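Data first, discussion second: the structure below is written as structure tokens.
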Amino acid sequence: MFTGNRSVAYHVLAALGLVTVLVVMMSVGLAYWQAYRQVEQAASGKVTNVALTIAGTDDVREGLRAQDPALALQEFIERERQLTGTDFIVVMSVEGIRYTHPNPDLVGGQFIGTIAPAQAGGVVVEQYTGSLGPSTRAVVPVMQGDQVLGLVSVGLTRERVWDQLRGLIPRVLLVGLAAGFVSGAAALVIARSVRRQTLGLNASEVARLHDHHEAVLHAIQEGLIITDRQGRIQLVNDEAGRLLGLDSEAAGRPIGQHDLPADLIATLTGTEQQSDVPHAHRGRILLVSSSAVVRNGRPVGTLTTLRDRTELEELTGQLNTVRGMADALHAQAHEAANRMHSVVTLIELGRTEEALQFATEELRATQRHRDAILAAVAEPAVAALLLGKTAQASELGIDLEIDAEAHLPAGVLPARETVTILGNLIDNAIEALADGPEGPDRTIVVDAQVDGNLVLLTVSDTGPGLTEQAAQRAFERGWSTKPAAGPAGRGLGLALAQQTVRQLGGEITCTPAPGATFVVTVPVPEGMGGPSA
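The sequence shown begins at -11 in our numbering and counts up one residue at a time.
This is the structure we're talking about:
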């Protein structure tokens, strides 16, 4: 019956059907046994009550004291037997000699059955095979004060008892059939539901699909997460857990219990289809696509895929920086060639001192700026970022300066996070100045200070700045005053900087126009070295 090529629904139906048959059979057997007990108890109670009633009548007492008890009692007892519906009522002497019997030929004979307890004033109830066959009978004494005058036995033949039991069998079977029908219908409904949910597959096919599902789920490079209409996580693969910071116990819990941005939670639980929407989370840029999971025309959940574009954005940023530096170097090479021609010409004119002064003046200015950055920032990665951004800004005619009192020792902040914060803030300032009107006063000032256990990072520019409303929205994901560009669009740099600052336990603020000043306050993380003495 349970063969491997049968569907799961068939196995469920067969198992439920077998259980139903067993349960119905047990129920019918139990009901029959209960009915049997009830019939037996009713028969025993009836013969006992009738016997006690007959033994308590004055007619029986007077009949037992008469000269011919058989003649005095026969008519009364026969009438009572017919009225009570019993098979026999026997009145006998204390010794058991019958005075009455349905068969007159047996009057005067010895009663067949147990009478000793009744002779002592007790009651006997038993099943016994007497002159009329097997019967359920009761024997009680006829009392006159404390004296036993005689005995009364009332009985129902077993055939009559069995007739009563057989009368109950159709009802028991009807209830059993009804229970079987209801159970069978329920089993069929469950089996059809299982068949619909398992698509009619057999157990081996379901197991194979599960294995393939697990293999694909954990092998794909994209994050995958499914939530139901109540916002509970139903499925999350390894990559989604890594990108969103979800633990292995996330499945089954509401998505709102996890530390995720409100806009990302709305995407993960919404029913609107979205494609490659950029989100900044945990210092990463995620491209999020979502669509509703529809069953029978109704949305039952949301399927979301996540792609990590942090590395791509970093590479794109590095490429832009390299291009900017290449353009800057090209311009510097062109400018250096012009200066070299000037130096050569001065030498040819015999003006050697002027030529030497002219050649070294620019080198000193460049070296002073480089020395100022290296003296103010001891972290190599951050210093390299500032040097690269200086060259990039210079190509655009923008001066990137380090505050004269800036000082950022090595080890007070993680280098990667510091580069993310300063890099995005400086890029934002460069874009603001580059898109603004040209003029001599296009300057970016970077400051870094350590005040006790706090690190203050400041990036200010002389650009057009932001309005008060724009300053309030500057850190929203996707918000920008410029058109979208790049694989993840605009409006992510400041959002990523803010998220990184918050991960470090700090805060970032922006002042409105004139110009724009971004101030970052970050506590020195535990385990990081404090400022050097």
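We put the CB at the ideal spot given by N, CA and C, even for glycine.
The structure displayed is predicted, hence computed values, not measured ones.
Other residues of its chain near Leu120: CB distance less than 8 Å, five sequence neighbours each side excluded: Only residues of its own chain outside the window of five on either side were considered, and among them Asp75, Phe76, Pro90, Asn91, Gly143, Thr145 have a CB closer than 8 Å to the CB of Leu120, listed in chain order.
What first and last residue would you give for the beta strand (DSSP E) that runs through Phe76? Looking at the DSSP string, the run of the beta strand (DSSP E) that includes Phe76 is 76 to 80.
Per DSSP, what kind of secondary structure is Val434 in: helix, strand or coil? DSSP places Val434 in strand when its eight states are reduced to three.
Apart from the five residues on each side of it in sequence, which residues of its chain come closer than 6 Å, Cβ to Cβ, to Gln261? For Gln261, where only same-chain residues beyond five positions count, the Cβ hits under 6 Å are Ser279.
Between the CA atoms of Pro266 and Val434 - distance to the nearest angstrom: Taking the CA atoms as reference points, Val434 sits about 28 Å from Pro266.
Residue(s) in a DSSP beta bridge with His269: In DSSP, His269 forms a bridge with Arg272.
For Tyr87, the three-state DSSP class (helix, strand or coil): Note: Tyr87 maps to coil in three-state DSSP.
What residue range is occupied by the uninterrupted alpha helix (DSSP H) comprising Ala250? DSSP places Ala250 in the uninterrupted alpha helix (DSSP H) bounded by 250 to 257.
What is the residue span of the alpha helix (DSSP H) that Ile386 lies within? Ile386 -> no alpha helix (DSSP H), and no H or E assigned at all.
Please classify Glu227 as buried or exposed, where buried requires at least 16 other C-beta atoms within 10 Å of its C-beta. So Glu227 ends up on the buried side.
CA-CA distance, Ser181 and Gly5? So the two alpha carbons sit approximately 15 Å from each other.
Thr8, buried or exposed, once every other Cβ within 10 Å from all chains shown has been counted against 16: Buried, by the Cβ-count rule.
Specify the secondary structure class of Arg217 as computed by DSSP and reduced to three states. DSSP places Arg217 in coil when its eight states are reduced to three.
Contact between the segment 64 to 73 and the segment 153 to 173 is defined here as three or more beta-carbon pairs at a separation below 8 Å; is this criterion met? No: fewer than three Cβ pairs fall under 8 Å.
For Ser171, which residues from the same chain have a beta carbon less than 6 Å from its beta carbon, with the 5 sequence-adjacent residues on both sides left out? Cβ within range, chain order: Thr8.
Nearest CA to the CA of Ile361: which residue from Glu367, Arg352, Ala371? Comparing Cα-Cα distances from Ile361 to each of Glu367, Arg352, Ala371, the minimum goes to Ala371.
Could you have a look at Phe506 and say whether DSSP puts it in helix, strand or coil? In the structure shown, Phe506 adopts extended strand secondary structure according to DSSP, grouped into three states.
Pick from Asp235, Phe99, Gly109 that is closest to Gln135, judged by C-alpha positions: If we check each option's Cα against that of Gln135, Gly109 comes out closest.
So, for Ala473: in the same chain, excluding its five sequence neighbours on each side, which residues have a beta-carbon less than 6 Å away from its beta-carbon? In this predicted model, Ala473 has a pLDDT of only 46, less than 50, meaning its place in the structure is not dependable enough to derive any value.
Please name the residue in Ala369, Thr505, Val489, Arg404 whose C-alpha comes closest to that of Asn416. Ranked by Cα distance from Asn416, the options Ala369, Thr505, Val489, Arg404 are led by Thr505.
What I want to know is whether the C-beta of Gln245 ends up closer than 8 Å to one or more non-hydrogen atoms of the ligand ADP. Judged by which ligands are present, the structure shown has none, so any question about the ligand ADP falls away.
Specify, as a first and last residue, the run of the beta strand (DSSP E) that Glu495 falls within. 495 to 499 is the span of the beta strand (DSSP E), which, as asked, contains Glu495.
By Cβ distance below 6 Å, which residues in the same chain neighbour Ala54 in space, the five residues on each side in sequence not counted? For Ala54, where only same-chain residues beyond five positions count, the Cβ hits under 6 Å are Ala60.
Expected contact under 8 Å - CB spacing of Ala364 and Pro397 to nearest Å: With a contact defined as Cβ atoms closer than 8 Å, Ala364 and Pro397 miss out at about 10 Å.
Which one or two residues does DSSP pair with Ala379 in a beta bridge? Answer is none; Ala379 lacks a bridge partner.
Please classify Gln98: does DSSP put it in a helix, a strand, or coil? Residue state, collapsed to three classes: strand.
Continuous beta strand (DSSP E) stretch holding Asp449: start and end: Element bounds for Asp449: 442 to 449.
Gly73, buried or exposed, once every other Cβ within 10 Å from all chains shown has been counted against 16: The residue is exposed, with fewer than 16 neighbouring Cβ atoms inside 10 Å.
For the segment 94 to 113 and the segment 10 to 27, state whether three or more C-beta atom pairs, one from each stretch, are separated by less than 8 Å. Judged by Cβ distances under 8 Å, the segment 94 to 113 makes no contact with the segment 10 to 27, as fewer than three pairs qualify.
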